[in-house]
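Chains as they are written, first to last, in this note's numbering: chain D, 1 to 118; chain C, 1 to 113.
Idealized CB from N, CA, C, for every residue including glycine.
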Amino acid sequence: AQTVTQSQPEMSVQEAETVTLSCTYDTSESDYYLFWYKQPPSRQMILVIRQEAYKQQNATENRFSVNFQKAAKSFSLKISDSQLGDAAMYFCAYRRAISSGSARQLTFGSGTQLTVLP
Amino acid sequence: EPEVTQTPSHQVTQMGQEVILRCVPISNHLYFYWYRQILGQKVEFLVSFYNNEISEKSEIFDDQFSVERPDGSNFTLKIRSTKLEDSAMYFCASSRDHNEKLFFGSGTQLSVL
Numbered sequence: 001a002q003t004v005t006q007s008q009p010e011m012s013v014q015e016a017e018t019v020t021l022s023c024t025y026d027t028s029e030s031d032y033y034l035f036w037y038k039q040p041p042s043r044q045m046i047l048v049i050r051q052e053a054y055k056q057q058n059a060t061e062n063r064f065s066v067n068f069q070k071a072a073k074s075f076s077l078k079i080s081d082s083q084l085g086d087a088a089m090y091f092c093a094y095r096r097a098i099s100s101g102s103a104r105q106l107t108f109g110s111g112t113q114l115t116v117l118p
Numbered sequence: 001e002p003e004v005t006q007t008p009s010h011q012v013t014q015m016g017q018e019v020i021l022r023c024v025p026i027s028n029h030l031y032f033y034w035y036r037q038i039l040g041q042k043v044e045f046l047v048s049f050y051n052n053e054i055s056e057k058s059e060i061f062d063d064q065f066s067v068e069r070p071d072g073s074n075f076t077l078k079i080r081s082t083k084l085e086d087s088a089m090y091f092c093a094s095s096r097d098h099n100e101k102l103f104f105g106s107g108t109q110l111s112v113l
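Laid out in structure tokens, this is it:
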């Protein structure tokens, strides 16, 4: 079974600074997807960024980027120029890739609560 | 941007009662999911649904749970006889394709008293 581990229950960052959230995962699959979801106090799950395992290039979305190390099974999220609105719980998630129809589940980590200090 | 809609946003029920949580996935999506999150804990998978049948289900999704797509737009989760430990935020999600990203609804907070 796949597992996702987030070893930092809480992190804090000064506004405008950069912070990196860690995530490791365990899988025997070679093809899969990795995600970072943000959950603000409203508790809605918002996709931040997605990485396909077959792509060597790290995904980037504006101020958010990942460091994907497939051999090490590591998938960290870097937030640059942190803003007060970035304060939220961040979940790392894994999903197996499949070649045909059949819905597959996301496996989530336990989350990292990010505080942004003004 | 299209959204997944969940109703109600809050549901309070007595232990042993049946509840139905409702979701309207994004209209051209074919894959549907229910997840739940007990306060302060990780998000847990319950069930996935494709082509009018369950694709996968977790050990949480026992005989007390069922899902249905009664028409072309709704996707429901029924809990037949609620227990205190069913209190959680329930998230519906949908995706267009099996490898596409999931869009989550804003959740239904279920409180079982």
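Contact between the region 107-117 of chain D and the region 2-9 of chain D is present, with at least three C-beta pairs closer than 8 Å. C:R36 is bridged by DSSP to C:E44 and C:Y90. At a C-beta separation below 9 Å, D:Q44 has these neighbours in chain C: F91, F104, G105, S106 and G107. Contact holds between the region 16-31 of chain C and the region 74-83 of chain C, because three or more Cβ pairs, one in each stretch, are under 8 Å apart. Only residues of its own chain outside the window of five on either side were considered, and among them S94, S95 and R96 have a CB closer than 7 Å to the CB of C:H29, listed in chain order. A distance below 7 Å between beta-carbons, with the five flanking residues on each side excluded, links D:E29 to the following residues of its chain, in chain order: R96.
Taking a Cβ-Cβ threshold of 9 Å, the residues of chain C close to D:I98 are H98 and N99, in chain order. DSSP, read as helix, strand or coil, puts D:L84 in helix. The residue from D:S12, D:Q44 and D:Y25 with its alpha-carbon nearest to that of C:E3 is D:Q44. Contact check for C:R36 and C:M89: beta-carbon distance about 7 Å, within the 8 Å limit, so the pair qualifies. Under the 9 Å criterion on CB atoms, C:S58 is classed as interfacial with respect to chain D.
The straight-line gap separating the alpha-carbon atoms of C:N51 and D:S12 is approximately 44 Å.
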